[in-house]
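First to last, the protein sequences are chains A and B.
Whatever position you read off the first sequence (first residue = 1), add 138 for the working numbering.
Whatever position you read off the second sequence (first residue = 1), add 138 for the working numbering.
Built from N, CA and C at the ideal position, the CB exists for glycine as well.
Down below is the structure, laid out as structure tokens.
Protein chains: 2
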Amino acid sequence: MQVYIEPIGRLINEFSKLPGVGKKSAQRYAYKIIGMSDSEAQEFAAAILNVKKKVKYCKVCGNFTENDVCDICKERDKRTICVVKEPKDVIALEKLHEYKGVYHVLHGVISPMEGIGPDDIRIRELLARLNEGGVEEVIVATNPDVEGDATAMYLARLIKPLGIKVTRLSRGIPIGSELEYTDDVTLSRAFIERKEV
Amino acid sequence: MQVYIEPIGRLINEFSKLPGVGKKSAQRYAYKIIGMSDSEAQEFAAAILNVKKKVKYCKVCGNFTENDVCDICKERDKRTICVVKEPKDVIALEKLHEYKGVYHVLHGVISPMEGIGPDDIRIRELLARLNEGGVEEVIVATNPDVEGDATAMYLARLIKPLGIKVTRLSRGIPIGSELEYTDDVTLSRAFIERKEV
Numbered sequence: 139m140q141v142y143i144e145p146i147g148r149l150i151n152e153f154s155k156l157p158g159v160g161k162k163s164a165q166r167y168a169y170k171i172i173g174m175s176d177s178e179a180q181e182f183a184a185a186i187l188n189v190k191k192k193v194k195y196c197k198v199c200g201n202f203t204e205n206d207v208c209d210i211c212k213e214r215d216k217r218t219i220c221v222v223k224e225p226k227d228v229i230a231l232e233k234l235h236e237y238k239g240v241y242h243v244l245h246g247v248i249s250p251m252e253g254i255g256p257d258d259i260r261i262r263e264l265l266a267r268l269n270e271g272g273v274e275e276v277i278v279a280t281n282p283d284v285e286g287d288a289t290a291m292y293l294a295r296l297i298k299p300l301g302i303k304v305t306r307l308s309r310g311i312p313i314g315s316e317l318e319y320t321d322d323v324t325l326s327r328a329f330i331e332r333k334e335v
Numbered sequence: 139m140q141v142y143i144e145p146i147g148r149l150i151n152e153f154s155k156l157p158g159v160g161k162k163s164a165q166r167y168a169y170k171i172i173g174m175s176d177s178e179a180q181e182f183a184a185a186i187l188n189v190k191k192k193v194k195y196c197k198v199c200g201n202f203t204e205n206d207v208c209d210i211c212k213e214r215d216k217r218t219i220c221v222v223k224e225p226k227d228v229i230a231l232e233k234l235h236e237y238k239g240v241y242h243v244l245h246g247v248i249s250p251m252e253g254i255g256p257d258d259i260r261i262r263e264l265l266a267r268l269n270e271g272g273v274e275e276v277i278v279a280t281n282p283d284v285e286g287d288a289t290a291m292y293l294a295r296l297i298k299p300l301g302i303k304v305t306r307l308s309r310g311i312p313i314g315s316e317l318e319y320t321d322d323v324t325l326s327r328a329f330i331e332r333k334e335v
């Protein structure tokens, strides 16, 4: 006889697929769901289906949006493009309320170790945006690690010949850490003190 | 402008309702869902709805079941009843494969601090089972904390006059800890060395 009855085992298995969630946490989450009212559980399930149905990638910057083009691309100053690795990095920067320009989400960084080259991330799309003109500065806000630095160097060599300023967040960010987990003050400072590559 | 678009914010909010899940973890879980295929996300949502639809409480012991009466109550030796606080405690004990009797889940313990009295937990149902006859021993496996001990003492005073042996898990379990988190060896020993109250 198995320890869990089938519906509970199945839900625990689903929760175990979430990042950093072990069997014990997954069990606790499953019991929480069992203890919810029917309408609460339905809300939860609907939120999962809803996010899959409604969330798309912005055709311009690659960030999450409910429309073809995201609100940031529609409303903000297009003279500056801040290049980040992932959508969660946009969230980290937006929380500061410092930056007034637009973004470009690469959905990855160049990583020879993992076999990810320039063509595997959204660099072509970035160049297309730059070729449309009007961009004065590209801020490369990839993580301050080997892959992030390599990507920044690659972009600088590509973009500078176009006569566009390329900057990188200043090295107030602790080396080897992830942008998402940098505290706001450090991140804010790094943004203000960004330096031309 | 809010930081998250509505469907993502809504899903993060749902994940934040799970025990021990903060905003950062909830965001990570939400991004994981966004990165899933449609069918994977549908499976996840279905598992949540399924658990609410299928999981009921056993009419006899109060444990989780898909039927009116759980498999343990149907198949196992009814001369011994092991009394626990919550369904997750049944899981912790079943993992040992030591115990061959049945369970009784109280769904709580007596706690004057929280205003929970004997009538608020499934003690009446336990007495009804005992009055049907055939039970030789009641093992009280509530947590070894103040409320668990108080509940055990209360049950012992109630059940002993019926001529039924009442035992409690031996004090190998670290005091103040929770049964669910006790390591298997300690828990197994405590089970074997259970003592009459």
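Which term fits residue 330 of chain B, buried or exposed, when burial requires 16 or more other beta carbons within 10 angstroms of its beta carbon?
-> Looking at its Cβ environment, which holds fewer than 16 other Cβ atoms inside 10 Å, residue 330 of chain B is exposed.
May I have a chain-ordered list of the alpha helix (DSSP H) segments no shorter than 4 residues that lie completely inside the stretch 223–298 of chain A?
-> Note on the stretch 223–298 of chain A: whole alpha helix (DSSP H) runs with a minimum of 4 residues are 225–232, 261–269, 284–297, in chain order.
Alpha carbon to alpha carbon, what distance is there between residue 234 of chain B and residue 144 of chain B?
-> Our two residues, residue 144 of chain B and residue 234 of chain B, have alpha carbons roughly 46 Å apart in a direct line.
For the beta strand (DSSP E) holding residue 304 of chain A, just list the boundary residues, first then last.
-> Its beta strand (DSSP E) spans residues 303–306.
With 16 as the cutoff for other CB atoms within 10 Å, does residue 379 of chain A come out buried or exposed?
-> Lying before the first or after the last residue shown, residue 379 of chain A is absent from chain A, which here runs from 139 to 335.
Determine the DSSP secondary structure at residue 327 of chain B, reduced to helix, strand or coil.
-> In the structure shown, residue 327 of chain B falls within a helical segment according to DSSP collapsed to helix, strand and coil.
Is it a yes or a no for the stretch 251–270 of chain A touching the stretch 314–321 of chain A, going by three-plus beta-carbon pairs under 8 Å?
-> No, they do not touch.
Do the CB positions of residue 289 of chain B and residue 334 of chain B come within less than 8 Å of each other?
-> Contact flag unset, no.
DSSP on residue 336 of chain B, reduced to helix/strand/coil?
-> With chain B represented from 139 up to 335, any question about residue 336 of chain B goes unanswered, as that position is not in the structure.
Could you check the C-alpha separation between residue 191 of chain B and residue 201 of chain B for me, to the nearest Å?
-> Their backbone Cα atoms lie some 16 Å apart in a straight line.
Tell me whether residue 139 of chain B sits in a helix, a strand or coil according to DSSP, three-state version.
-> Low local confidence applies: a pLDDT of 44 at residue 139 of chain B is under 50, so the model's placement there is unreliable, and no value is given.
Going by beta carbon distance, what residues of the same chain come within less than 8 Å of residue 154 of chain A, once the five residues before and after it are set aside?
-> In chain order, 160, 161, 164 place their CB closer than 8 Å to the CB of residue 154 of chain A, counting only its own chain and leaving out the 5 sequence neighbours on each side.
The stretch 168–181 of chain B contacting the stretch 167–183 of chain A, beta-carbon criterion three pairs below 8 Å = Under the three-pair Cβ rule at 8 Å, the stretch 168–181 of chain B does not count as touching the stretch 167–183 of chain A.
Which word fits residue 301 of chain B, buried or exposed, when buried means at least 16 other C-beta atoms lie within 10 angstroms of its C-beta?
-> When all chains shown are included, residue 301 of chain B counts as exposed.
Other residues of its chain near residue 291 of chain A: CB distance less than 8 Å, five sequence neighbours each side excluded = The residues are 335.
Count the other CB atoms within 10 Å of the CB of residue 223 of chain B; is the residue buried (16 or more) or exposed (fewer)?
-> Buried.
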